[in-house]
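Read in order, the letters of the sequence shown correspond to residues 208 to 468 in the numbering used here.
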Amino acid sequence: LIHLFLQADNVGFSNNDMFLLHHARVTHFWEPTKTGPIFFYCGHELPLEDYINNTGLLWNWAREFKAMIIFSEHRFYGQSLPDDVRTSHLPTVPYLNYFSAVQALADYAHLILHIKETVHRADKVPVIAFGGFYGGMLAAYFRLKYPHLIAGALASSAPVQMFPGLVPCSAFDHTLTKAFRRESAACAKAIRKSWPHLLSLTDSSKKAHEFSRKYKMCDNLTPQAQRMLLDWMHDTYLHLAMFNYPEPSSRLTSLPANPVK
Numbered sequence: 208l209i210h211l212f213l214q215a216d217n218v219g220f221s222n223n224d225m226f227l228l229h230h231a232r233v234t235h236f237w238e239p240t241k242t243g244p245i246f247f248y249c250g251h252e253l254p255l256e257d258y259i260n261n262t263g264l265l266w267n268w269a270r271e272f273k274a275m276i277i278f279s280e281h282r283f284y285g286q287s288l289p290d291d292v293r294t295s296h297l298p299t300v301p302y303l304n305y306f307s308a309v310q311a312l313a314d315y316a317h318l319i320l321h322i323k324e325t326v327h328r329a330d331k332v333p334v335i336a337f338g339g340f341y342g343g344m345l346a347a348y349f350r351l352k353y354p355h356l357i358a359g360a361l362a363s364s365a366p367v368q369m370f371p372g373l374v375p376c377s378a379f380d381h382t383l384t385k386a387f388r389r390e391s392a393a394c395a396k397a398i399r400k401s402w403p404h405l406l407s408l409t410d411s412s413k414k415a416h417e418f419s420r421k422y423k424m425c426d427n428l429t430p431q432a433q434r435m436l437l438d439w440m441h442d443t444y445l446h447l448a449m450f451n452y453p454e455p456s457s458r459l460t461s462l463p464a465n466p467v468k
């Protein structure tokens, strides 16, 4: 694990504060004499160690393609914090101004340039960006914004074209339904059938009371709590599909292999 000093503001001139960007380099697969590439993982909204331990594909491909792997933490997550933020445990308003994808991409560009300048033969090989979810968006943007540094990008679960007028708002949920239907049509049908029932829980005080009693809720279900419950259940199904890995995972929580199944 390595730290690199970078500026808090990559695009302006009003703030000269620095912070330490936390990153890891894996070089034991790398064979630069055989043009082994650099695989660059774009960090997102988690500490660095979380995606090092839950990114199996990158390790497998690094072995196959004789690649170096760079895992970079996203600014202001994990250990990649300015000193005063680290000591106070709360980001200050001026730093929130620099908490953006544009700034994060500039960090990654500086890191790649640093590696190409300091690691022997790193300047001779291509860099491929990887990422998932928000990190996948960053990988795609990285290729678009810095094509002279990034030869290609693999963006997993990254809705890069999901803008109003281009893609239906329901497209993501349709894909989520397909993930469950692929494992069990009956399961997908049962989830869909449960939704009208959940939506009707607050139609009468009796139904709300019975539900609250059955599931040992502290208070009777209110319309506001019902909305939170539905959002929580939706997020649970969403994350099961997102982390439907073929092996056990500790991402977010302890999950078995193929949790959707």
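All residues carry an ideal CB built from backbone N, CA and C; glycine is no exception.
Using beta-carbon positions only, say whether residue i and residue j come within less than 9 Å of one another.
{"i": "Ile-319", "j": "Ile-276", "result": "no"}
{"i": "Ala-316", "j": "Leu-356", "result": "yes"}
{"i": "Val-332", "j": "Ile-245", "result": "yes"}
{"i": "Cys-425", "j": "Phe-349", "result": "no"}
{"i": "Ala-378", "j": "Arg-388", "result": "no"}
{"i": "Pro-301", "j": "Glu-280", "result": "no"}
{"i": "Val-309", "j": "Asn-217", "result": "yes"}
{"i": "Tyr-284", "j": "His-321", "result": "no"}
{"i": "Ala-448", "j": "Ala-393", "result": "no"}
{"i": "Met-440", "j": "Leu-405", "result": "yes"}
Starting from the C-beta of residue i, find all residues in its chain whose C-beta is less than 6 Å away, skip the five residues before and the five after it, and write them out in chain order.
{"i": "Glu-390", "result": "Val-467, Lys-468"}
{"i": "Phe-247", "result": "Ile-277, Val-334, Ala-336"}
{"i": "Lys-414", "result": "Leu-408"}
{"i": "Gly-339", "result": "Ser-363, Ser-364"}
{"i": "Val-233", "result": "Ile-276"}
{"i": "Leu-228", "result": "Leu-211, Leu-213, Ser-287, Asp-314"}
{"i": "Arg-458", "result": "Asn-261, Phe-450"}
From this set, the options, which residue's C-alpha is nearest residue i's C-alpha?
{"i": "Pro-453", "options": "Leu-447, Tyr-444, Ala-464", "result": "Ala-464"}
{"i": "Tyr-444", "options": "Arg-420, Asp-426, Asp-380, Lys-414", "result": "Asp-380"}
{"i": "Ile-335", "options": "Thr-382, Pro-354, His-321, Asn-217", "result": "Pro-354"}
{"i": "Pro-430", "options": "Met-440, Ser-407, Trp-439", "result": "Ser-407"}
{"i": "Phe-305", "options": "Lys-241, Gln-214, Leu-428", "result": "At residue 305 the sequence reads Tyr, which differs from the Phe that was named. Ranking Lys-241, Gln-214, Leu-428 by Cα distance to Tyr-305 puts Gln-214 first."}
{"i": "Ser-363", "options": "Asp-314, Leu-345, Ser-419", "result": "Leu-345"}
{"i": "Tyr-422", "options": "Ser-411, Asp-410, Leu-436", "result": "Leu-436"}
{"i": "His-230", "options": "Thr-240, Gly-219, Leu-208, Ser-221", "result": "Leu-208"}
{"i": "Glu-271", "options": "Glu-256, Val-292, Arg-282, His-235", "result": "His-235"}
{"i": "Ala-311", "options": "Lys-323, Leu-447, Val-292, Gly-342", "result": "Gly-342"}
{"i": "Asn-223", "options": "Phe-418, Val-326, Pro-289", "result": "Pro-289"}
{"i": "His-327", "options": "His-404, Pro-239, Ser-412", "result": "Pro-239"}
{"i": "His-446", "options": "Ser-419, Ser-461, Ser-307", "result": "Ser-461"}
{"i": "Pro-455", "options": "Glu-256, Gly-263, Leu-383, Phe-226", "result": "Gly-263"}
{"i": "Ser-307", "options": "Pro-371, Arg-282, Asp-291", "result": "Arg-282"}
{"i": "Phe-226", "options": "Arg-293, Phe-220, Trp-266, Glu-256", "result": "Arg-293"}
{"i": "Ser-412", "options": "Trp-266, Phe-370, Pro-403, Gln-433", "result": "Gln-433"}
Skipping 5 residues on each side, what residues in its chain have a beta carbon closer than 7 Å to that of residue i?
{"i": "Leu-428", "result": "Leu-408, Thr-409, Ala-415, Phe-418, Ser-419"}
{"i": "Ala-347", "result": "Ala-360, Ala-362, Ala-365, Val-367"}
{"i": "Lys-273", "result": "Phe-236, Trp-237, Glu-238, Lys-241, Gly-243"}
{"i": "Ala-358", "result": "Pro-333, Val-334, Ile-335"}
{"i": "Val-374", "result": "Gln-368"}
{"i": "Leu-265", "result": "Phe-246, Tyr-248, Ile-276, Phe-337"}
Please find out if some non-hydrogen atom of the ligand ATP comes closer than 8 Å to the beta-carbon of residue i.
{"i": "Pro-466", "result": "As presented, the structure is devoid of all ligands, the ligand ATP included, so that no description of it is given."}
Within its chain, find whatever has a CB closer than 8 Å to the CB of residue i; leave out the 5 residues flanking it on each side and keep chain order.
{"i": "Trp-268", "result": "Phe-246, Ala-274"}
{"i": "Glu-324", "result": "Asp-330"}
Where in the stretch 385-422 do unbroken runs of the alpha helix (DSSP H), each at least 4 residues long, occur, reported from the N-terminal end onward?
392-406, 412-421
Inside the stretch 251-289 only - beta strand (DSSP E) runs reaching at least 3 residues:
With a minimum length of 3 residues, the continuous beta strand (DSSP E) runs that stay inside the stretch 251-289 are 275-279.
Every unbroken alpha helix (DSSP H) within the stretch 306-360, with a cutoff of 4 residues, ordered by chain
308-325, 341-352
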